[in-house]
Structures are given as C-alpha cells and as structure tokens.
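Number of protein chains: 2
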Amino acid sequence: MKNATDLFFDAFANKNRFNILMQLRNKEMCAGDLQKTLGVEQTNLSHDLKCLLNCKFISVRKEGRKRVYKINNETNELVDEVAKHVKNYETYLKKCGILKEEKNGRI
Amino acid sequence: MKNATDLFFDAFANKNRFNILMQLRNKEMCAGDLQKTLGVEQTNLSHDLKCLLNCKFISVRKEGRKRVYKINNETNELVDEVAKHVKNYETYLKKCGILKEEKNGRI
DNA sequence: TTTATATATGATAAAAATTTCATATAACGA
DNA sequence: TCGTTATATGAAATTTTTATCATATATAAA
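Residue numbers (the working numbering), protein chains in the order written: chain A, 1 to 107; chain B, 1 to 107.
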C-alpha cells in the first residue's frame, strides 16, 4: 500500500492537476472555463477535478448546471511556495540534463 | 521543450529523490550511508544524486573516497512545508480512490 | 602497480502514469 | 418530455517514468 507522501505527489505533482491548482489561485472557476483556459479534454479535466476534490485540495458548489471550483487556503499557499522555488531554480532545472526533455507541459 | 515547473516536479516529486531529500533534512550524509538507510540500488542512487546536484537542491564535497551530500536551506524548508501538508491531508489522500494503489513507496 | 572500495554512466527492460474513447448522468429550457 | 449543455465514469491504448544491467572511473590502501 502506498504511503501518504506518494499519494500526495500523485495528486499534486501531476501536470494537469497542478495546472488546475495554478488557475484556481486566488479565484474561483467553473469546469467549462477551466477547460477553455487550460485547453484540455473535458474528460481528463473531470477526472482531475475529482481527484483534487477527493484530496480536499479544492471544493465545489453548484450554480445552475455549472460547478464552481475553489482552492483551499493551505493548498493555495503551498502552490505559491512551489512557484517561488521553481522561479529560483529555473536556470539549474533547465540545465539538469537528467530530467526528461519532452512532455506536454504545465502552463 | 518542457517548462521549469515540469522539470521541477520531475526532480522533486520523484519517489527516490524525495526520499533522499527527506534523509538529508538537517544532516549531511555520504552516498554509502544513504544507500544503506534507504535500501536502494547503488546505481539508482547515483543517478538520483546527480539529478539533485544538477538542480542545485543539494551540494557535495569530497572526503577521502567518499562524497558527502548536503541539502540547501531553501529546499530543506520546502521539504518541510510539503511534509506538513502531507500530514494535514493524509486522511483524504488515502481515501481518494483515483490515485493508484501500488508502488514501491517513499519512506 | 595491483586490488579493493566508493561512486558514476548509458542503454535497455520493466512498470507506472496519462490520454483517449465510448458512454453515462444531471440540470435547464423549449 | 425532448433536446441541449455541462460534467462524470470506467476501461483500454498510449506514452512516460523508473529500475535493471553491464561497465566505467576515481581514490586509497596494500
């Protein structure tokens, strides 16, 4: 059985899911808007939103036939910390050479 | 070409590499001791240490025929933040259901 | 200067993650 | 209640990541 750290990174460090968390920083959005902004498949987005909901990184409320998603404060802060670290180490990350070169990419 | 966030998570969210960073929190260790403590293959450990070095998450100094590794302060702090978040969300992560069930696991 | 220990490298094999596909459900408006 | 929009589900296919293997280098001790 996986431990909590494994599960955490599976949820949080996933390209599409982290992109969602980045979008939701400091603002709420419905699934349709996330889809347009991120340019992802509807079905993938839905899978990913469910995962983030299950982990309680985000919450949701209904508004007509739309679902409006919101990131929680602690997760918002952690996303900020990570973004800061990425910025500080960007130069070295790009020169690493061991990390793979191709992938669809986060925003 | 991958962006910095992709590269960051490739380096940081990797099971073996994060285990190394956890071990190096607040203490220096040589490769051999990391190997014993983590119970990993020598060759995998070496690949992972090189990656962490390239990204400047850790540094190294020679001591006889050993290499002694040290985590940097910023990365140490980020590891702490993540560990805290994992602890806070552990219950939900384990009930997620979407995240995969089997893997070798972080420590 | 040979042997043993400590660590590194690169290619391929194995395992795991992500995407796609086919389809389902839920809410609203005509 | 029928069609349309918005979102969800599960399984299979594809892609990516991680582990293994064979071997190399570097330092020190005998």
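We put the CB at the ideal spot given by N, CA and C, even for glycine.
This one's a predicted model, so the numbers in the text were calculated from it and none came from an experiment.
- Around the beta carbon of A/Asp10, 16 or more other beta carbons lie within 10 angstroms, which makes this residue buried.
- Look at the region 46–65 of chain B: the residues with a C-beta under 8 Å from a C-beta of chain A are His47, Lys50, Cys51, Asn54, Cys55, Lys56, Phe57.
- Secondary structure note for B/Lys95: it is in no beta strand (DSSP E), and the uninterrupted alpha helix (DSSP H) holding it is 73–95.
- A/Cys51 sits in a helix when the DSSP states are folded into three classes.
- The contact set of B/Lys15 on chain A, defined by CB atoms closer than 8 Å, consists of Asp6, Phe9 in chain order.
- Interface annotation, A/Gly97: in contact with chain B, CB-CB separation under 8 Å.
- Look at B/Leu93: its C-beta is under 8 Å from a C-beta on chain A.
- Taking the beta carbon of B/Val86 as reference, the chain A residues within 8 Å of it are Ala4, Thr5, Phe8, listed in sequence order.
- The beta carbon of B/Val60 lies closer than 7 Å to those of Leu53, Arg67, Val68, Tyr69 in the same chain, with the five residues before and after it left out.
- Along the region 67–82 of chain A, the positions whose C-beta sits under 9 Å from a C-beta of chain B are Glu74, Thr75, Glu77, Leu78, Glu81, Val82, read in chain order.
- Using beta-carbon distances, A/Glu41 does not count as an interface residue toward chain B, since no partner is under 8 Å.
- Judged by beta-carbon spacing, B/Phe18 lies beyond the 8 Å limit of A/Val86, meaning their Cβ atoms are not closer than that value.
- Segment contact: the region 40–57 of chain B against the region 92–100 of chain A, three or more CB-CB distances shorter than 8 Å; contact assigned.
- In chain order, Ala4 make up the part of chain B whose C-beta sits under 7 Å from the C-beta of A/Glu90.
- For B/Lys62, the number of other beta carbons within 10 angstroms of its own is below 16, and it is reported as exposed.
- Along the region 21–45 of chain B, the beta strand (DSSP E) does not occur as any fully enclosed run of 3 or more residues.
- The criterion of a C-beta distance shorter than 8 Å is satisfied by A/Leu45 and A/Leu34.
- Annotation: A/Lys2 to B/Cys96 spans about 12 Å, alpha carbon to alpha carbon.
- Membership of B/Arg61 in the beta strand (DSSP E) is indicated by the continuous run 58–63.
- Sequence-distant Cβ neighbours of B/Leu99 in its own chain, meaning closer than 8 Å and more than five residues away, are Leu93.
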